[in-house]
Amino acid sequence: MTDFIQPIFEDHDDIFFIEGKYGGKVPFSNCLLIADHIIDTGISALYLKRLRHKFTIRKVLFSHWHDDHIRDNRILEDIPFYCHPKCKPIIEDIDKLLDLYAIRGTPVEIKFKEYLSDVIDVYNTKIKGSFSPGDVFQIGSYEMQIISTPGHSVGHCAFHIPELKFAFIGDIDLSKFGPWYGGTDSNISEFIESIEKIRKMDLEVVATGHRGIVRGKELINQQLINYKEIFNAREEKILSFLTKEHPTSPEDLLEKSIIYKDYRFLKPFLLVMEKTMIDKHLQKLKNEGKITQVAEGYVLS
Ligand SMILES: [Zn+2]
1186 MTDFIQPIFE
1196 DHDDIFFIEG
1206 KYGGKVPFSN
1216 CLLIADHIID
1226 TGISALYLKR
1236 LRHKFTIRKV
1246 LFSHWHDDHI
1256 RDNRILEDIP
1266 FYCHPKCKPI
1276 IEDIDKLLDL
1286 YAIRGTPVEI
1296 KFKEYLSDVI
1306 DVYNTKIKGS
1316 FSPGDVFQIG
1326 SYEMQIISTP
1336 GHSVGHCAFH
1346 IPELKFAFIG
1356 DIDLSKFGPW
1366 YGGTDSNISE
1376 FIESIEKIRK
1386 MDLEVVATGH
1396 RGIVRGKELI
1406 NQQLINYKEI
1416 FNAREEKILS
1426 FLTKEHPTSP
1436 EDLLEKSIIY
1446 KDYRFLKPFL
1456 LVMEKTMIDK
1466 HLQKLKNEGK
1476 ITQVAEGYVL
1486 S
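When you read off a place in the sequence shown, starting at 1, and then add 1185, the result is the number in this note's numbering.
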């Protein structure tokens, strides 16, 4: 079964969108295969094995350090791995994930460690080299540029082939869920800047880490705008819970459908990340003077 390997262009037989297990939904992700290079490994161990059987892979590039994009890379461990310099120390020492997800010392810590090692097989991965924004990879007949798109995480990159007006934009994923910034390294302003950067590019086709392929300049632009709008919608929702009189704490805002609508996937872990994302909005609103921090939480200014 190889229907997860999808050609992107009719007239190019060496660029494939590789759809991850369960449609590339977390805890899996989609990958890109361009000639003998693969970007990300989150499709599942079984799909990686099938891919390896069918194609020669000489280099693995990571779009960012998140576990759903580097998981199961053991299947390709004899092939050199590359990533952004800021992701290298994290991928090489996955204990850092506990701090980046703010779960060290919480009741979820042990469960999360078990999840990394026993469920999704994420382990310390030696990175052979790094790439920087602006670098160009010559892959077969294609020139692929590295585009810096931080915000979702530090070191998050997009991969652009100008000749084809195509980019793999990783976890600027255009999903219905919307942008995710639940890491301590995530940054809302940078995320918005990165979306704007993609909007300015001349693109006819994009592929993302958790959704399929989007085609057409207009549609890509509209979907990027809709995706960015979700920051505002969440912010509005947070403001609707705040009053001038009674302080609201970040904890009060959990499970109010501001970020997650359901918690089927490791609920205690999602609650930690939901709090991180709400905290980032509260900081932003405070910096903009819209809310004021008091002893027990926040009030409208
Ligand atoms: Zn992801």
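In this text, a Cβ means the ideal position worked out from N, Cα and C, and glycines have one as well.
Fair warning: this is a prediction, and the values are worked out from it, not measured in the lab.
Cα-Cα separation, residue i to residue j
i, j, result
"E1473", "G1227", "38 Å"
"I1203", "R1289", "33 Å"
"K1465", "K1296", "25 Å"
"L1439", "I1380", "26 Å"
"F1426", "H1269", "39 Å"
"I1377", "K1244", "30 Å"
"H1499", "I1444", "What the structure shows of the chain is the stretch from 1186 to 1486, and residue 1499 is not part of that stretch, so it cannot be assessed."
"S1214", "F1454", "19 Å"
"L1359", "R1396", "7 Å"
"I1276", "F1247", "10 Å"
"G1205", "T1291", "30 Å"
"K1452", "V1211", "14 Å"
"H1197", "Q1191", "12 Å"
"V1391", "D1356", "12 Å"
"K1475", "T1433", "14 Å"
"L1470", "N1411", "21 Å"
"L1467", "F1194", "43 Å"
For residue i, the nearest candidate out of the options (CA to CA)
i, options, result
"I1279", "K1210, S1229 and T1310", "T1310"
"I1332", "L1424, I1383 and L1246", "I1383"
"H1345", "V1321, P1432, K1429 and S1229", "V1321"
"L1261", "T1461, L1231, H1251 and S1248", "L1231"
"I1223", "H1395, Y1267 and K1361", "Y1267"
"F1414", "K1361, I1276 and K1441", "Position check: residue 1414 holds Glu in this sequence, whereas Phe was assumed. Out of K1361, I1276 and K1441, K1361 has the C-alpha closest to the C-alpha of E1414."
"S1338", "E1277, I1219 and W1250", "W1250"
"K1446", "S1315, E1459, E1436 and K1239", "E1459"
"K1429", "S1374, E1195 and V1479", "V1479"
"D1370", "T1393, T1433 and M1462", "M1462"
"P1265", "I1242, S1486 and L1467", "I1242"
"I1219", "Y1207, I1200 and S1229", "I1200"
"L1485", "Y1412, G1314, L1424 and G1394", "L1424"
"S1315", "S1326, I1193, L1404 and P1274", "P1274"
"I1324", "R1419, L1217 and S1229", "L1217"
"E1420", "K1271, F1240 and S1442", "S1442"
"D1221", "N1417, E1436, Y1483 and K1239", "K1239"
"L1409", "I1354, R1449 and F1194", "I1354"
"E1375", "Q1407, F1416, I1405 and K1402", "F1416"
"T1334", "Y1327, S1326 and P1318", "P1318"
"I1312", "L1456, G1209, C1272 and E1328", "C1272"
Counterpart residues of residue i in DSSP-defined beta bridges
i, result
"Q1191", "F1202"
"A1392", "F1353 and I1398"
"M1329", "F1322"
"L1246", "I1224 and Y1267"
"S1371", "Bridge partners of S1371: none, in fact."
"Q1478", "Y1483"
"T1433", "Y1483"
"A1343", "I1332"
"I1276", "I1276 pairs with nothing; no bridge assigned."
"L1218", "F1201 and I1223"
"S1315", "C1268"
Within-8 Å CB hit, residue i to chain D
i, result
"C1216", "Chain labels in this structure do not include chain D; a single protein chain is all it has."
Count the C-beta pairs between the segment 1340-1350 and the segment 1377-1390 that are closer than 8 Å, then say yes if the count reaches three, no if not. yes
Are three or more beta carbon pairs between the segment 1221-1235 and the segment 1279-1294 nearer than 8 Å? When Cβ pairs closer than 8 Å are counted between the two stretches, the segment 1221-1235 is seen not to touch the segment 1279-1294, the count staying below three.
Below 8 Å, can you find three or more Cβ-Cβ pairs linking the segment 1291-1311 to the segment 1362-1379? no
Touching by the beta-carbon criterion (3+ pairs, under 8 Å), the segment 1306-1320 and the segment 1246-1266: yes
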